[in-house]
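To start, the structure itself, in structure tokens.
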Amino acid sequence: MKKYWWKIVAVVLLVYGFYFGLMGEVPRRDILNESIRNVYFHVSLWFATTLFLLVSAIFSVRYLRSNNLADDDKAVEFANVALLFGALGCSTGSLWARVTWGGWWPNDPKLNSVAISMLMYFAYLVLRSSLEDEQKKARISAIYNIFCFAVFIPLIYILPRLTDSLHPGNGGNPAFGEYDMDNQMRRVFYPIIIGWMLLGTWIASLRIRVRALEKIED
Amino acid sequence: MQELRTLIGKEITLEWRQRYALNGMMLYIVSTIFVCYLSFRLKSNQLNPLAWNTLFWIIMLFMAINAISKSFTQERAGRLLYYYTLASPQWIILSKIIYNSALMLILSMLGFGFYSFVMGNPVGDIPMYLLTIVLASVGFASSLTMIAGIVSKAENNGALMAILSFPVIIPMLLMVMKLAKNALDGLDRGSSNDEMMILLALDAIVVTLSLILFPYLWRS
């Protein structure tokens, strides 16, 4: 119980979030209508993705300091989970864009930034597979990972805010929370963010254990 | 400081001894631009300014990747090892960044000259456009130098340079293109301040990261 209580919390929060996210009361807004429920899924998925990329970068820094291959395993698995959550964030966003902006992938700076940063992290995986030696692979990909994260943050959170964007909170648009969310929604929104973060950590921890076991087998 | 100056001097001497690399780069730009010229079959100034600008920066992007990818492969591993015993890694990466910026500056000025010669020059505010080229050269050189260092560790992989560098350089390229567009339209100079600040901030981030991370890269 001491060790796995947070997994129970993750399941409870996600079940709660999904139930009230789909069934709960939401405010009626023009254009958004029922699609405002996507705030619970799309936005929270991206929050979780950013967290995992941050964690991955932190483990890369730790690897460079400690030279412990376990840290490198953690870095790569958190990057993998971030890619998974990023893909989910993209597809929920795409559905939402279809309903509110009228296209699956409208030409928006934030969408383009997201595409670029996904490419960047795929390049990280390609770089890893192109190196043979374990230590060398770990060191060089850790360096690239840190580099990527330093580009990711301005790309997603700074540049789109300075240009004309369809996203709320960007390009002079008001942020979502200011007008559209009410306290009822916040009661679902915040728990589901934490739920995703815990779920992702759970997935990553399982994959890290698989990696550790494979190493023992070798 | 003395160390930095010597290292930059070394890069220049090295380049001068292997002039074929430099000449090759110049020929590369000139022929790329000429191919573009031929394939658009330009009479005079028929390309609209937006396409003109985009095409120019795409050529610059490819030139930068080609020119800088060789910055760590020019010397044999044994010789690199020897430098590393003599100088500190920070100075080595800094000297490479400064040298590559200068190289990029020369090549892109040459490119700009030839490009306007054959494709026409619709730029409204030329000093501003040149300033953009200067900022872009420094920015491209600083981010690509570190990537070239990473790629040189993964043996003989030409495609890797493109895969790793495109995503990293795109934010910079977008800002540069916007800045260049403002200069092209001859907009009021104050209106480009934001872009310029972002570009400088991106440069600062990339250079700082290179200084911090290069010592780790060098050890492998």
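Just so you know, the sequences run in chain order A and B.
For what it's worth, this note's numbering labels the leading residue of the first sequence as 1, then goes sequentially.
For what it's worth, this note's numbering labels the leading residue of the second sequence as 1001, then goes sequentially.
All residues carry an ideal CB built from backbone N, CA and C; glycine is no exception.
query                                                                                                 : result
Neighbour list for B:V1168 in chain A, Cβ cutoff strictly below 8 Å                                   : M120, F147, C148 and V151
Extent of the continuous alpha helix (DSSP H) run through A:Q184                                      : N183 to E217
Buried or exposed by the 16-neighbour rule on C-beta atoms within 10 Å, applied to A:E34              : exposed
Spatially closest choice to A:I203 from A:P27, A:L83, A:R29 and A:E134, by CA coordinates             : A:L83
Distance, B:Y1020 Cα to A:E134 Cα                                                                     : 37 Å
Residue range of the unbroken alpha helix (DSSP H) whose run includes B:Q1002                         : Q1002 to R1017
Every unbroken beta strand (DSSP E) inside the stretch 91 to 173 of chain A [3 residues or more]      : none
Under 7 Å (Cβ pairs) to chain A, residues found in the stretch 1208 to 1219 of chain B                : L1209, L1213, Y1216 and L1217
Endpoints, the alpha helix (DSSP H) within which A:V11 is located                                     : W5 to M23
Same chain, Cβ closer than 7 Å to B:V1123, five either side skipped, listed in chain order            : Y1129, A1183 and L1184
Within 8 Å, strictly: CB atoms of A:I192 and A:G24                                                    : no
Cross-chain neighbours of A:V210 in chain B, by beta carbon under 7 Å                                 : None at all; the shortest Cβ gap to chain B is about 26 Å.
Rounded straight-line distance, which links the Cα of B:V1151 to that of B:A1201                      : 25 Å
Assigned secondary structure, B:R990 (DSSP; H/G/I helix, E/B strand, else coil)                       : Chain B is shown only over 1001 to 1220; residue 990 of chain B falls outside these bounds and no answer can be derived.
Environment of B:K1178 [buried if 16+ CB atoms lie within 10 Å]                                       : buried
Proximal residues to B:V1206 (C-beta, below 6 Å), its chain only, five neighbours per side dropped    : S1142 and S1143
Within-8 Å CB hit, A:V9 to chain B                                                                    : no
Neighbourhood of B:L1217 by C-beta, 6 Å cutoff - its chain only, sequence neighbours within 5 removed : G1149
DSSP-derived helix/strand/coil call for B:L1047                                                       : coil
B:L1105 versus B:L1164 - alpha carbon distance                                                        : 22 Å
Where B:K1178 sits in the DSSP three-state scheme                                                     : helix
Reduced DSSP category for B:P1171 - H, G, I as helix; E, B as strand; rest coil                       : helix
Against chain A: residues of the stretch 1169 to 1190 of chain B by CB proximity under 7 Å            : I1170 and P1171
Rounded Cβ spacing between A:H167 and A:T92 (contact assumed at less than 8 Å)                        : A:H167 to A:T92, Cβ: 14 Å. No contact.
Beta carbon proximity, B:D1194 to chain A, threshold 8 Å                                              : yes
Cα-Cα separation, A:F20 to A:M197                                                                     : 18 Å
Below-8 Å beta-carbon distance, A:L111 vs any chain B residue                                         : no
Within chain B, partners of A:A123 - CB distance below 7 Å                                            : I1163, L1164 and P1167
CB-CB length for A:L64 against A:A123, believed under 8 Å                                             : Not quite, the Cβ-Cβ distance comes to about 19 Å (not below 8 Å), so this is no contact.
Between the CA atoms of B:Y1084 and B:G1078 - distance to the nearest angstrom                        : 10 Å
Segment limits, alpha helix (DSSP H) that includes B:P1089                                            : P1089 to M1119
Extent of the continuous alpha helix (DSSP H) run through B:P1127                                     : I1126 to K1153
Assigned exposure category for B:T1013 - 16 Cβ within 10 Å defines buried                             : exposed
Beta-carbon gap between B:L1022 and B:E1011 smaller than 8 Å                                          : no
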